[in-house]
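Here the protein sequences line up with chains E and X, keeping their order. Final position of the first sequence in numbering that gives the first Met the number 0 is 451; the numbers increase by one with none missing. Final position of the second sequence in numbering that gives the first Met the number 0 is 451; the numbers increase by one with none missing. Here is the structure we will look at.
Protein chains: 2
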Amino acid sequence: MVNNIAIIGVGAAGATAALQARKFNREVAITIFNTEPYSQYSRCGLPYTISGKVREFDDLVLMPPSNWDSVKIDAKLNTTVTEIDHKNRTLKYNGAEEGELKYDALIFATGARNANPPIKDLDKERVYGLRTLDDAKVLAKEAENAKKAVIIGGGLVGMEAAEAFYERGLDVTVVEFLPHCLLAMVDPDMAKIVEDHCREHGLKILTNTAAQEITGDKTPKAVIVKNRENEEVTEIPADFVVVATGVRAITDLADYIGVEIGPSHGIKTDERMMTNLENVYACGDCAENVEFITRKPMAGGLGTIAVRQARVAGINAAGGEATFPGIVGAKVTKLFDMEIASTGFTADMAKRFEIPVVKGSIKGSTKPPYYVGGKDIKVKTYYNKETGKLVGGQLVGLEDAAMRLNVLTIGIQHGIDAAALFDFENCYAPAICDTWDPLVTSADAARRRLKM
Amino acid sequence: MVNNIAIIGVGAAGATAALQARKFNREVAITIFNTEPYSQYSRCGLPYTISGKVREFDDLVLMPPSNWDSVKIDAKLNTTVTEIDHKNRTLKYNGAEEGELKYDALIFATGARNANPPIKDLDKERVYGLRTLDDAKVLAKEAENAKKAVIIGGGLVGMEAAEAFYERGLDVTVVEFLPHCLLAMVDPDMAKIVEDHCREHGLKILTNTAAQEITGDKTPKAVIVKNRENEEVTEIPADFVVVATGVRAITDLADYIGVEIGPSHGIKTDERMMTNLENVYACGDCAENVEFITRKPMAGGLGTIAVRQARVAGINAAGGEATFPGIVGAKVTKLFDMEIASTGFTADMAKRFEIPVVKGSIKGSTKPPYYVGGKDIKVKTYYNKETGKLVGGQLVGLEDAAMRLNVLTIGIQHGIDAAALFDFENCYAPAICDTWDPLVTSADAARRRLKM
Numbered sequence: 000m001v002n003n004i005a006i007i008g009v010g011a012a013g014a015t016a017a018l019q020a021r022k023f024n025r026e027v028a029i030t031i032f033n034t035e036p037y038s039q040y041s042r043c044g045l046p047y048t049i050s051g052k053v054r055e056f057d058d059l060v061l062m063p064p065s066n067w068d069s070v071k072i073d074a075k076l077n078t079t080v081t082e083i084d085h086k087n088r089t090l091k092y093n094g095a096e097e098g099e100l101k102y103d104a105l106i107f108a109t110g111a112r113n114a115n116p117p118i119k120d121l122d123k124e125r126v127y128g129l130r131t132l133d134d135a136k137v138l139a140k141e142a143e144n145a146k147k148a149v150i151i152g153g154g155l156v157g158m159e160a161a162e163a164f165y166e167r168g169l170d171v172t173v174v175e176f177l178p179h180c181l182l183a184m185v186d187p188d189m190a191k192i193v194e195d196h197c198r199e200h201g202l203k204i205l206t207n208t209a210a211q212e213i214t215g216d217k218t219p220k221a222v223i224v225k226n227r228e229n230e231e232v233t234e235i236p237a238d239f240v241v242v243a244t245g246v247r248a249i250t251d252l253a254d255y256i257g258v259e260i261g262p263s264h265g266i267k268t269d270e271r272m273m274t275n276l277e278n279v280y281a282c283g284d285c286a287e288n289v290e291f292i293t294r295k296p297m298a299g300g301l302g303t304i305a306v307r308q309a310r311v312a313g314i315n316a317a318g319g320e321a322t323f324p325g326i327v328g329a330k331v332t333k334l335f336d337m338e339i340a341s342t343g344f345t346a347d348m349a350k351r352f353e354i355p356v357v358k359g360s361i362k363g364s365t366k367p368p369y370y371v372g373g374k375d376i377k378v379k380t381y382y383n384k385e386t387g388k389l390v391g392g393q394l395v396g397l398e399d400a401a402m403r404l405n406v407l408t409i410g411i412q413h414g415i416d417a418a419a420l421f422d423f424e425n426c427y428a429p430a431i432c433d434t435w436d437p438l439v440t441s442a443d444a445a446r447r448r449l450k451m
Numbered sequence: 000m001v002n003n004i005a006i007i008g009v010g011a012a013g014a015t016a017a018l019q020a021r022k023f024n025r026e027v028a029i030t031i032f033n034t035e036p037y038s039q040y041s042r043c044g045l046p047y048t049i050s051g052k053v054r055e056f057d058d059l060v061l062m063p064p065s066n067w068d069s070v071k072i073d074a075k076l077n078t079t080v081t082e083i084d085h086k087n088r089t090l091k092y093n094g095a096e097e098g099e100l101k102y103d104a105l106i107f108a109t110g111a112r113n114a115n116p117p118i119k120d121l122d123k124e125r126v127y128g129l130r131t132l133d134d135a136k137v138l139a140k141e142a143e144n145a146k147k148a149v150i151i152g153g154g155l156v157g158m159e160a161a162e163a164f165y166e167r168g169l170d171v172t173v174v175e176f177l178p179h180c181l182l183a184m185v186d187p188d189m190a191k192i193v194e195d196h197c198r199e200h201g202l203k204i205l206t207n208t209a210a211q212e213i214t215g216d217k218t219p220k221a222v223i224v225k226n227r228e229n230e231e232v233t234e235i236p237a238d239f240v241v242v243a244t245g246v247r248a249i250t251d252l253a254d255y256i257g258v259e260i261g262p263s264h265g266i267k268t269d270e271r272m273m274t275n276l277e278n279v280y281a282c283g284d285c286a287e288n289v290e291f292i293t294r295k296p297m298a299g300g301l302g303t304i305a306v307r308q309a310r311v312a313g314i315n316a317a318g319g320e321a322t323f324p325g326i327v328g329a330k331v332t333k334l335f336d337m338e339i340a341s342t343g344f345t346a347d348m349a350k351r352f353e354i355p356v357v358k359g360s361i362k363g364s365t366k367p368p369y370y371v372g373g374k375d376i377k378v379k380t381y382y383n384k385e386t387g388k389l390v391g392g393q394l395v396g397l398e399d400a401a402m403r404l405n406v407l408t409i410g411i412q413h414g415i416d417a418a419a420l421f422d423f424e425n426c427y428a429p430a431i432c433d434t435w436d437p438l439v440t441s442a443d444a445a446r447r448r449l450k451m
């Protein structure tokens with residue numbers, strides 16, 4: 000029987016795990032630890048504190064520290080777990096509070112840290128990550144005074160930050176090492192549409208470009224970059240620099256007590272979100288689970304995944320029985336009013352996961368041609384060449400791309416094939432969508448190729 | 000072997016059937032007949048020619064008459080099929096062209112006509128339906144000069160027409176016999192939200208009110224209505240009247256040759272869209288097929304259903320093999336920027352189809368609370384009390400209601416239950432949607448009730 004649950008980390012995962020454990024079990028003692036002085040806040044909302052689409056930093060705080068008392072959860076903020084003696088089910092903590100705690104169940108919700116790229120002089124002042132509320136606070140101040148920003152990394156966080164600074168009137172350059180931005184999310188041709196759109200709106204984007212060095216004394220003067228194709232080296236003036244080149248799961252403590260770390264560098268978990276150690280769980284950005292289609296190991300790194308895994312971990316730690324179905328990996332964002340949406344495999348991911356695919360690719364419109372105001376939308380759907388089953392999809396357009404993506408994700412979760420997506424009875428009204436939704440048209444193209 | 004296909008009716012159904020038959024079979028002779036002088040146009044787009052959201056009447060014409068030649072389809076417009084001798088597989092036609100035609104396969108795509116309600120003096124001038132392009136042309140002219148419009152019937156067409164006239168500056172009153180508008184689509188509480196919204200925007204709506212008589216000499220002066228609750232009789236001044244109280248399948252010719260008419264008043268069809276007579280098909284508003292969940296008879300009456308049934312009928316008539324999966328009945332519209340969306344069963348329909356249901360009902364927001372600009376959205380989902388399976392859903396909100404509906408429709412088509420919808424990995428980004436989509440939250444509420 001579980002009497003004491005300890006949760007390390009109070010991000011979306013840790014906080015959700017704690018609340019779900021409490022919801023399931025009114026008696027169990029729950030203690031949560033956070034190195035940061037804050038409790039749960041929305042990490043994904045951070046870029047929008049810069050642009051003002053999130054008005055106050057406090058708005059991001061989803062669970063004010065004072066609220067934990069009311070659900071009888073002992074929140075130790077500004078406090079770091081420094082040592083775990085798992086044999087004796089005891090941990091030590093330090094910081095605002097100091098002491099030792101006995102636990103029966105332990106949940107790692109330690110999140111991830113920025114993976115710093117091999118760039119010279121990264122340790123200057125005014126070189127930031129965008130991972131914490133404190134990061135965002137400093138960056139919001141930079142947006143007030145600085146003129147030139149360089150963002151290293153054109154992934155989701157990098158692009159969202161770039162848009163935010165641009166909207167605040169800064170001159171912004173994104174430096175992306177790979178041939179295109181957002182390649183963890185979309186195929187190159189889709190990424191190209193997004194880049195063109197962002198450039199039209201005024202963003203400078205250098206792709207296939209390596210950031211090599213940050214010049215300046217204490218603070219940045221410029222970023223030296225090298226075009227990876229023609230090897231041309233240029234200097235991009237910068238008042239400050241944001242490094243957003245991806246993250247790495249924080250697994251030190253888990254590793255130390257013998258928790259197995261998986262090939263994705265996250266803590267390996269089963270469908271109950273339990274690690275190889277009985278009653279030790281992991282969830283959120285520090286955890287690894289299975290990719291939904293192939294059941295191969297995959298890190299989540301998404302807020303949706305974090306809260307869903309955390310719910311399962313929290314309930315199980317509290318003595319319940321819940322399972323996590325695996326990670327499809329639906330990802331969306333909006334940049335200068337363009338929605339970019341992706342789920343399941345991109346072409347590149349399908350290759351890496353060794354799934355041969357057939358594609359349905361179409362350019363359509365969000366509304367019927369006769370109705371004023373429809374927007375272009377590009378849709379790509381991927382199907383397993385052997386089974387015809389939907390394994391991924393991407394949409395880019397000025398409206399209704401993200402919501403359309405949801406149909407594909409639930410389709411993947413329920414194993415639909417190209418014929419079934421073609422049979423989808425989409426909603427239709429002139430002001431909303433045409434009789435054959437672009438999703439259905441893309442399935443039709445693939446269905447023919449698959450001879451279904 | 001089929002050498003000659005005759006198709007009666009060139010609306011969305013007839014035109015789609017013809018084109019799909021041709022696509023499948025390059026050799027077969029195809030003749031299509033339309034009593035109207037036009038060929039395929041979007042009937043659902045008609046209200047928007049009044050408001051100007053469809054710019055030109057011609058924009059609605061999806062298949063200009065001159066295009067039929069290029070696909071070797073003989074289009075006889077302004078021509079009515081007057082007689083069928085099915086024993087000898089011959090039909091006679093009259094109008095712009097006159098003659099006799101031999102057929103091997105026959106497709107009824109005769110559509111529906113307005114069902115005139117029992118109102119006195121409905122046959123006045125300036126009392127219109129809104130069913131044909133000619134209706135729309137006349138009504139667009141009324142919008143230019145008239146001041147007061149009364150719309151009898153607060154269903155989809157009535158409400159869309161009312162919005163259109165209101166946007167053109169007219170004083171508009173909707174008279175609805177039932178306690179609420181749109182009850183064929185949503186529950187009363189959802190209808191109430193829509194009515195309140197439309198009233199706030201300036202529309203006058205009288206519910207639970209019977210239109211009794213249209214006064215005036217040749218043209219309307221007023222509509223006499225009676226409140227069905229307090230029996231109060233009032234007179235609503237009207238320059239013209241639109242009657243939109245539903246439609247009835249046109250089945251006279253089919254009936255005449257012995258085609259079976261179903262309990263929904265539509266032509267009864269199997270999954271190949273074939274009637275009880277070999278090689279005689281029906282599709283679109285004149286046809287009856289099965290409701291998806293219960294497999295009980297149901298009329299379609301929707302553009303999406305019409306084109307999907309027509310595709311199946313066209314391919315089968317041309318010698319192919321296609322099946323129609325049944326009617327879920329996804330319906331959407333937009334009134335004064337509010338999206339109203341419904342799929343599967345409403346509470347009332349579930350009762351009529353004898354499905355005991357459990358409800359998940361929530362008021363949520365389209366975006367996370369911390370992000371500026373999210374809109375209220377109300378979501379209701381219904382589940383079979385015995386199996387837990389999703390059987391219907393409704394959404395009302397100022398954005399993303401219709402696109403969210405699509406998830407429910409494909410969910411119904413693939414038999415998902417409340418637990419599966421709760422496990423749905425919706426997309427998440429601050430600018431798009433919160434980590435737990437309102438759909439998922441509604442499933443959670445039902446899941447608990449269902450003890451899943």
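Built from N, CA and C at the ideal position, the CB exists for glycine as well. Just so you know, these numbers come straight off a predicted model, no measurement behind them.
Using the three-state DSSP reduction, which class does Ile72 of chain E fall into: helix, strand or coil? strand
Secondary structure of Ser38 of chain X, DSSP reduced to three states: coil
Which of helix, strand or coil DSSP assigns to Asp436 of chain E: coil
is_contact[Phe164 of chain E, chain X] using C-beta, thresh 9 Å: no
Distance between Glu424 of chain X and Gly51 of chain X (C-alpha atoms, nearest Å): 39 Å
Check each candidate in X:His179, X:Leu18, X:Asn229 and name the one with the smallest Cα separation from Asn66 of chain X. X:Leu18
Would you identify the three-state DSSP class for Ser462 of chain E, choosing helix, strand or coil? Outside the shown range of chain E, which is 0 to 451, sits residue 462 of chain E, and nothing can be said about it.
Closer than 9 Å between beta carbons: that is the criterion. Which residues of the stretch 369-383 of chain X meet it against chain E? Tyr369, Tyr370, Val371, Gly372
Distance, Cα to Cα, Thr34 of chain E vs Pro367 of chain X? 25 Å
Does Ser341 of chain E pass the burial test, meaning 16 or more other C-beta atoms within 10 Å, or should it be called exposed? buried
Tell me, which residues are paired with Lys330 of chain X by DSSP? X:Ser341
Can a CB atom of chain E be found closer than 9 Å to the CB of Gln412 of chain X? yes
Could you tell me the boundaries of the beta strand (DSSP E) in which Thr79 of chain X lies? 78-84
Determine the DSSP secondary structure at Thr303 of chain E, reduced to helix, strand or coil. helix
Please list the residues of the stretch 33-54 of chain X that have a C-beta atom closer than 7 Å to any C-beta atom in chain E, keeping them in chain order. Ser41, Cys43, Gly44, Tyr47, Lys52, Val53, Arg54
Using a Cβ-Cβ distance under 9 Å, would Arg25 of chain X count as near chain E? no
With 16 other CB atoms within 10 Å as the buried threshold, where does Ser38 of chain E fall? buried
Compare the Cα-Cα distances from His179 of chain X to each of X:Thr380, X:Ser441, X:Asp347, X:Gly8 and report the closest residue. X:Asp347
What does Asp186 of chain X touch in chain E if you count any residue whose Cβ is under 7 Å from its own? Simply none; closest approach about 18 Å.
Which same chain residues, not among the five before or five after Arg227 of chain E, have their C-beta less than 7 Å away from its C-beta? Asn207, Thr208, Ala209
Where Asp436 of chain X and Ala160 of chain X are concerned, what is the direct C-alpha to C-alpha distance, given to the nearest angstrom? 32 Å
Beta carbons nearer than 9 Å to chain X: which residues of the stretch 210-242 of chain E have them? none
Which of the three DSSP states is assigned to Lys191 of chain E in this structure? helix
How many whole angstroms separate the CB atoms of Val193 of chain X and Ile339 of chain X, which I take to be in contact at a CB cut-off of 8 Å? 6 Å
For Glu141 of chain X, name the three-state secondary structure that DSSP assigns. helix
Step through the CB atoms of chain X and report whether any lies within less than 9 Å of the CB of Arg290 of chain E. The question names Arg, yet the displayed sequence has Glu at residue 290 of chain E. For Glu290 of chain E, the answer is no, since every Cβ of chain X falls outside 9 Å of its Cβ.
Cβ of Tyr427 of chain E less than 9 Å from any chain X Cβ? yes
Counting contacts by CB-CB distance shorter than 9 Å, is Cys282 of chain E in contact with chain X? no
By Cβ distance below 6 Å, which residues in the same chain neighbour Cys43 of chain X in space, the five residues on each side in sequence not counted? Gly302
Spatial distance of Ala253 of chain X from Arg130 of chain X (CA atoms): 21 Å
Exposed or buried, Glu398 of chain E, counting other C-beta atoms within 10 Å across all chains shown (16 or more means buried)? buried
Would you call Asn87 of chain X buried or exposed, if buried means 16 or more other Cβ atoms sit within 10 Å of its Cβ? exposed
Going along chain E, which residues have a C-beta under 8 Å from Ala430 of chain X? Tyr47, Lys52, Thr332, Lys333
Sort out for me which residues DSSP pairs Lys384 of chain E with in a bridge. Answer is none; Lys384 of chain E lacks a bridge partner.
What runs of the beta strand (DSSP E), each 3 residues or longer, lie entirely inside the stretch 246-282 of chain X? 246-248, 279-281
Could you list the residues in the stretch 388-406 of chain E with a C-beta less than 8 Å from some C-beta on chain X, going in chain order? Asp399, Ala401, Met402, Arg403, Leu404, Asn405, Val406
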